[in-house]
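Here's the structure, in structure tokens; my notes come after.
There are 2 protein chains.
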Amino acid sequence: MSTTETTSKTYHTQMEAARLGIITKEMQTVAEIEHRPVEFIQRYVAEGKIVIPCNKLHTCLKPNGIGSMLKTKINCNLGISRDCKDYDIEMQKVMSAVHLGAEAIMDLSSHGNTEPFRKKLTHECPAMIGTVPVYDAVIHYQRDLSTLSAKDFIDVVRLHAENGVDFVTLHCGINRETIKEIRTGKRKMNLVSRGGSLIFAWMSMTGNENPFYEYYDEILDICREYDVTISLGDACRPGCLADATDQCQIGELLRLGELTERAWKKDVQVMVEGPGHVPMDQIAANMKIEQTICHGAPFYVLGPLVTDIAPGYDHITAAIGGAIAAMNGASFLCYVTPAEHLALPNLEDVKTGIIASKIAAHAADIAKGIPDARTQDDCMADARRKLDWDEQWKYCLDPETAKAIRASRAPEDDHSDTCSMCGKFCAVRSINKALAGEMIDIL
Amino acid sequence: MSTTETTSKTYHTQMEAARLGIITKEMQTVAEIEHRPVEFIQRYVAEGKIVIPCNKLHTCLKPNGIGSMLKTKINCNLGISRDCKDYDIEMQKVMSAVHLGAEAIMDLSSHGNTEPFRKKLTHECPAMIGTVPVYDAVIHYQRDLSTLSAKDFIDVVRLHAENGVDFVTLHCGINRETIKEIRTGKRKMNLVSRGGSLIFAWMSMTGNENPFYEYYDEILDICREYDVTISLGDACRPGCLADATDQCQIGELLRLGELTERAWKKDVQVMVEGPGHVPMDQIAANMKIEQTICHGAPFYVLGPLVTDIAPGYDHITAAIGGAIAAMNGASFLCYVTPAEHLALPNLEDVKTGIIASKIAAHAADIAKGIPDARTQDDCMADARRKLDWDEQWKYCLDPETAKAIRASRAPEDDHSDTCSMCGKFCAVRSINKALAGEMIDIL
Numbered sequence: 004m005s006t007t008e009t010t011s012k013t014y015h016t017q018m019e020a021a022r023l024g025i026i027t028k029e030m031q032t033v034a035e036i037e038h039r040p041v042e043f044i045q046r047y048v049a050e051g052k053i054v055i056p057c058n059k060l061h062t063c064l065k066p067n068g069i070g071s072m073l074k075t076k077i078n079c080n081l082g083i084s085r086d087c088k089d090y091d092i093e094m095q096k097v098m099s100a101v102h103l104g105a106e107a108i109m110d111l112s113s114h115g116n117t118e119p120f121r122k123k124l125t126h127e128c129p130a131m132i133g134t135v136p137v138y139d140a141v142i143h144y145q146r147d148l149s150t151l152s153a154k155d156f157i158d159v160v161r162l163h164a165e166n167g168v169d170f171v172t173l174h175c176g177i178n179r180e181t182i183k184e185i186r187t188g189k190r191k192m193n194l195v196s197r198g199g200s201l202i203f204a205w206m207s208m209t210g211n212e213n214p215f216y217e218y219y220d221e222i223l224d225i226c227r228e229y230d231v232t233i234s235l236g237d238a239c240r241p242g243c244l245a246d247a248t249d250q251c252q253i254g255e256l257l258r259l260g261e262l263t264e265r266a267w268k269k270d271v272q273v274m275v276e277g278p279g280h281v282p283m284d285q286i287a288a289n290m291k292i293e294q295t296i297c298h299g300a301p302f303y304v305l306g307p308l309v310t311d312i313a314p315g316y317d318h319i320t321a322a323i324g325g326a327i328a329a330m331n332g333a334s335f336l337c338y339v340t341p342a343e344h345l346a347l348p349n350l351e352d353v354k355t356g357i358i359a360s361k362i363a364a365h366a367a368d369i370a371k372g373i374p375d376a377r378t379q380d381d382c383m384a385d386a387r388r389k390l391d392w393d394e395q396w397k398y399c400l401d402p403e404t405a406k407a408i409r410a411s412r413a414p415e416d417d418h419s420d421t422c423s424m425c426g427k428f429c430a431v432r433s434i435n436k437a438l439a440g441e442m443i444d445i446l
Numbered sequence: 004m005s006t007t008e009t010t011s012k013t014y015h016t017q018m019e020a021a022r023l024g025i026i027t028k029e030m031q032t033v034a035e036i037e038h039r040p041v042e043f044i045q046r047y048v049a050e051g052k053i054v055i056p057c058n059k060l061h062t063c064l065k066p067n068g069i070g071s072m073l074k075t076k077i078n079c080n081l082g083i084s085r086d087c088k089d090y091d092i093e094m095q096k097v098m099s100a101v102h103l104g105a106e107a108i109m110d111l112s113s114h115g116n117t118e119p120f121r122k123k124l125t126h127e128c129p130a131m132i133g134t135v136p137v138y139d140a141v142i143h144y145q146r147d148l149s150t151l152s153a154k155d156f157i158d159v160v161r162l163h164a165e166n167g168v169d170f171v172t173l174h175c176g177i178n179r180e181t182i183k184e185i186r187t188g189k190r191k192m193n194l195v196s197r198g199g200s201l202i203f204a205w206m207s208m209t210g211n212e213n214p215f216y217e218y219y220d221e222i223l224d225i226c227r228e229y230d231v232t233i234s235l236g237d238a239c240r241p242g243c244l245a246d247a248t249d250q251c252q253i254g255e256l257l258r259l260g261e262l263t264e265r266a267w268k269k270d271v272q273v274m275v276e277g278p279g280h281v282p283m284d285q286i287a288a289n290m291k292i293e294q295t296i297c298h299g300a301p302f303y304v305l306g307p308l309v310t311d312i313a314p315g316y317d318h319i320t321a322a323i324g325g326a327i328a329a330m331n332g333a334s335f336l337c338y339v340t341p342a343e344h345l346a347l348p349n350l351e352d353v354k355t356g357i358i359a360s361k362i363a364a365h366a367a368d369i370a371k372g373i374p375d376a377r378t379q380d381d382c383m384a385d386a387r388r389k390l391d392w393d394e395q396w397k398y399c400l401d402p403e404t405a406k407a408i409r410a411s412r413a414p415e416d417d418h419s420d421t422c423s424m425c426g427k428f429c430a431v432r433s434i435n436k437a438l439a440g441e442m443i444d445i446l
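Heads up: the sequence lines are chains F and C, in that order.
The numbering of the first sequence is the numbering used here, which starts it at 4 and goes up by one.
The numbering of the second sequence is the numbering used here, which starts it at 4 and goes up by one.
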């Protein structure tokens, strides 16, 4: 029998609460956002099929649920780097991303003093905040990678938890076996995961086992204490179509499945990260395999990019792959910008990347029958039939851009109910007139 | 037994030639482009599953084949309109489109004296040229739509054939039954086909049957004489997700199936046009139904757009739908630009629309196993592993754009083998160093 949360917290994590029959205020918020009964949310949080990443110290968070039966969520990567050190510009990107509808921000800062920016995010930003502690380790200690100890890495995970981070990407799935596999040279692109490559390099230089794999239990204790959701990183995700769904990738996935079960035993919430560069015809199989091997844990995909030859347009290659992935069970899409593979995204790239991801997520939600997903489309269709442009702007994903395109090339004469694409040849106008019994004037 | 074409032409159309066992020079060109035996091309042209649109009078044409077992082709819509009367700008768009890889140009001119521009295209442009004669009828005669006779429409089809047009969109599939169906008010967006709406209006105003349906046999004689491929227009394509795959759309498709067979009896080549706005989960079914009902005639899709709420980004919604459609059997994608639903596309929009369509076509070709489709991707992956940027530009769909993005935000320090996205955190750099036994310098 469920009890609604009152004052005293008698649980560590959302998963533990759900298993104890407690309905938390975060579950209630998620239920409202998703138009689902709260018992539905609670049940799947208990089973691990929905996560609600919400560090207890991120008090300004507007919680969101991630799971394949919920609306597909999107993440936007940002952060300070050597080549973009301006905190104000990064904060502008964050606020723009939240305004455009990103439910999560990953702070991938890799330069300077990272803690103040991270704390600013968890104190001011209502979106879920994620990090990749291994990036931060080198920066935090300001020491060469090879000199860091396993404990140093774990301490950074604790620091991020204390800073209020909601989810952390940990590349726990690679180990010394992976090094052997990569050294066989069967892969075209080896590893393309930034975090994975750092751990690979550290293992190569020190001869030690992956600390995130070896000390996984300690990490679980930290995550349990603060309710940090683990995003199990896919160090072996394919970096090109030729490497997709290979032994290396699936081998890591098998380990991620085991690590998922170990986390669940301690009531720690888990997502699993996925590919990567994948040909379209392999995407559905990838989603299905993740669901079986990782027991329905939410799948967080990085793309997938469906071709390697479109740098400058990888927001489009990722939108194709992301839409297919989400339709087939992925719950969470990491945005990809036009600058992917080429440069740090600027403010415009961030916006374009978010809109492309939102399109993919929304199209998938319609396809998989998420309740009310098509309502906005139906309103848009009604507005279009009426050629009511002010009404159309209300239902646009990005009304500013749409308005600007129409305004920049408005029709020359005064039939302002149409646009310059067709002018008096507008099909909607012709049919409306024909149905009203009016004559059609085209010339 | 096949005979290779020598000097004398003893056939009317490519289909007739193929059926007579003649291998034309157009089939040979297509075989070379596709890396397929010419007998393979001939066989499917004879069966109607491949079309080679090539009007005998379009002598500068570089022929291309369209069929689901060949590389997916793309079309770019252009033309003079009341709101864009500049012939030079339109010709610039044409040459840019061909340079970017569009295999077909549809001239949708709807203003002024259309014949010179059309003839310029068939005399100078190596891409397939398509038109929609019903648009031109009003313009050509400079008379109100309601005053045109059935013969007037057919005469415009003949004029376009004489002008060297390779394929014509004819909305033969709607008839007086369709008017009744639309008047029941079951559809949200009624008809959104420009040509379809003109015929609908003409039928409403005159009380007559659709001339393209009533005089289909005369049209077939014209098309047979010049080898004009008929693109059977889908007047009833859905204009919003809510109308997708409905009775109206599938009813028209059934008539298009009958019209396909009638054309084939006269050796006239046929493509079938398809939707439109379609939720992702209905696309594969649409492709399958077209194949069965229209006996494998190549499917030419307009999108499909997978959501209605992204004006300003419909090149992306169409790339998602087009990629899925092509993977499931569509052969030919009509490009969609960011200006769709809003304004006439400008030169930049045309480029963006073509690249987005090329991405969709290429991703689908890889997914359906078109021979050598992935070669370019594999070369790109090799160049990326080597961090060889000059080599990478060679394999980009749009090297200029990619180069410009990297150059605009180059890494600050001198490790120019990476880009500013990751700088010294570049995974490829780290792994290359680790595999070479080198120390990793991140700070």
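Heads up, the beta-carbon is just placed ideally off N, CA and C, and yes, glycines get one too.
Quick check: is the beta carbon of residue i nearer than 9 Å to any beta carbon in chain C?
i: F:Cys175; result: no
i: F:Thr10; result: Unreliable positioning characterises F:Thr10 in this predicted model, as indicated by a pLDDT of 46, which lies under 50. A coordinate reading is not provided.
i: F:Tyr138; result: yes
i: F:Met4; result: Low local confidence applies: a pLDDT of 48 at F:Met4 is under 50, so the model's placement there is unreliable, and no value is given.
i: F:Gly51; result: no
i: F:Ser71; result: no
Report the option in the options whose CA atom is closest to the CA atom of residue i.
i: C:Ala410; options: C:Asp147, C:Met424, C:Tyr219; result: C:Met424
i: C:Glu264; options: C:Gly299, C:Gly277, C:Gln285, C:His280; result: C:Gly299
i: F:Gly332; options: F:Ile132, F:Gly372, F:Thr378, F:Ser433; result: F:Gly372
i: F:Glu368; options: F:Lys76, F:Glu118, F:Gly198; result: The sequence shown places Asp at residue 368 of chain F, not Glu. Residue F:Lys76 is the option with its Cα nearest to F:Asp368.
Under the assumption that residue i contacts residue j (Cβ atoms under 8 Å), give the Cβ distance between them as a whole number of angstroms.
i: C:Gly260; j: C:Cys297; result: 5 Å
i: C:Ala100; j: C:Val273; result: About 24 Å separates the two Cβ atoms, so there is no contact after all.
i: C:Asp270; j: C:Thr16; result: 5 Å
i: F:Glu212; j: F:Arg179; result: 6 Å
i: C:Lys96; j: C:Leu350; result: 6 Å
i: C:Ser84; j: F:Gly356; result: With a Cβ gap of about 33 Å, C:Ser84 and F:Gly356 do not count as contacting.
Below 9 Å on C-beta distance, what does residue i contact in chain F?
i: C:Ser196; result: Ala430
i: C:Val141; result: Phe428, Ile445, Leu446
i: C:His365; result: Val309, Thr310, Ile312, Ala313
i: C:Pro374; result: Here the premise fails: no neighbours, minimum Cβ distance about 15 Å.
Any beta carbon of chain F sitting closer than 9 Å to that of residue i?
i: C:Ile319; result: yes
i: C:Gln95; result: no
i: C:Lys191; result: yes
i: C:Gly277; result: no
i: C:Pro214; result: no
i: C:Ala326; result: yes
i: C:Phe120; result: no
Residues of chain C with a CB under 7 Å from the CB of residue i: which are they?
i: F:Asn415; result: For the record, residue 415 of chain F in the displayed sequence is Glu; it is not Asn. Those are Arg85, Asp86, listed as they occur along chain C.
i: F:Arg409; result: Leu345, Ala346
i: F:Thr187; result: Under the 7 Å cutoff, chain C gives no residues; its nearest Cβ is about 11 Å from F:Thr187.
i: F:Thr404; result: Gly315
Whose Cβ in chain C lies nearer than 9 Å to the Cβ of residue i?
i: F:Gln294; result: Those within 9 Å of F:Gln294 in chain C number zero; the least Cβ separation is about 18 Å.
i: F:Gln379; result: Thr310, Asp311, Ile312
Show which residues of chain C have a CB atom less than 8 Å away from the CB atom of residue i.
i: F:Gln145; result: Leu446
i: F:Gly199; result: Ala430
Name, please, each residue of chain F whose Cβ falls closer than 8 Å to the Cβ of residue i.
i: C:Arg459; result: Because residue 459 of chain C is not part of the residues shown, which for chain C are 4 to 446, the question remains open.
i: C:Asp91; result: Near C:Asp91 there are no residues of chain F at all, since even the closest Cβ is about 17 Å away, more than 8 Å.
i: C:Met208; result: Ala437, Met442, Ile443
Contact residues within the region 100–113 of chain C, judged by C-beta distance below 8 Å to chain F: Ser113
Residues in the region 281–313 of chain F having any Cβ partner in chain C nearer than 7 Å: Pro282, Met283, Asp284, Val309, Thr310, Asp311, Ile312, Ala313
Residues in the region 147–178 of chain C having any Cβ partner in chain F nearer than 9 Å: Asp147, Leu148, Ser149
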